[in-house]
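Peer 1:
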Amino acid sequence: MTLNFFGIPWESEIADRVTALLLANSILDYELKGEKISDKTACDILLSPVLAGGQGPGHIAALAIYHLTKHPSMLQRARAEVDQLRTRKEKLGETDLSVSDLKDLKYLTQVYNEVLRISHEFNGHVIPKGWFMLAPFVLVHMDPEIYPEPSKFNPDRFETPPNPGQFFPFGRGYRTCVGRNFTKLVVLMALYHIFSNFT
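Residue numbers (our numbering): 1 to 199.
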């Protein structure tokens, strides 16, 4: 079936297997009930993984800017990395940032990971005791045996990848957030453009 989203025809092809399984389950629910799925419902099901990630990247980018402005040497290092990539692209006559360029933003990726690790609190609001949590990621991410000086913002701790089970801001296993790659893409691109255009 071909659907038309915002005037652009999209084939019903989904690369991410987890997303495909979730979507298949949603569509299967309709089939099992003997209900015909409308184009609008199919559109809602297919777009929900993208639209659900709308606010998260903005919050993460804002927290990255917050932490970097509190640590001027780290901010300078992030800007230097962005400037180096931008200069290289300009020499090649390229103006747009591509997804493949993100691999060159190693320090900014470390900043992204550190923000996800340390930012379990926002504006002084801590997850209250007794609230149901699906994963104890805060306990792991703030464990001094895993992350020395865990309250200190330090992107360098991600120069080498953490061991399995030591960093999972988007969950783990088959329930991992389907928007994790989208979020990383949006945050890194946003930070690149912010540091490229503002001093």
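For glycine and all other residues, C-beta sits at the position ideal for the given N, C-alpha and C.
Shortest alpha-carbon distance to R180 belongs to which of P164, F170, M189, L188?
Peer 2: With distances taken between Cα atoms, R180 lies closest to F170.
Peer 1: Please state whether the Cβ-Cβ distance between P57 and T176 is less than 8 Å.
Peer 2: The answer is no: Cβ separation not under 8 Å.
Peer 1: Kindly list the residues whose CB is nearer than 6 Å to the CB of P150, restricted to its own chain and excluding five residues on each side of it in sequence; keep chain order.
Peer 2: Excluding sequence neighbours, P150 sits near M142, P144.
Peer 1: Using only CA atoms, which one of K33, R117, P161 lies nearest to H67?
Peer 2: Checked all of K33, R117, P161; the closest Cα to H67 is R117.
Peer 1: Under 7 Å Cβ to Cβ from L97, same chain only, skipping five residues before and after it: list those, please.
Peer 2: Here the set comprises M189, Y192.
Peer 1: If contacts are defined as beta-carbon pairs under 8 Å, then D156 and Q110 qualify, I think. What distance do you get, rounded to the angstrom?
Peer 2: 7 Å between Cβ atoms; contact.
Peer 1: Does L105 pass the burial test, meaning 16 or more other C-beta atoms within 10 Å, or should it be called exposed?
Peer 2: Answer is buried; the Cβ neighbour count reaches 16.
Peer 1: Looking at R79: is its Cβ nearer than 8 Å to the Cβ of F195?
Peer 2: It is a contact, given that the beta carbons lie within the stated cut-off.
Peer 1: Looking at the unbroken alpha helix (DSSP H) that takes in F137, where does it start and where does it end?
Peer 2: Residues 137-141.
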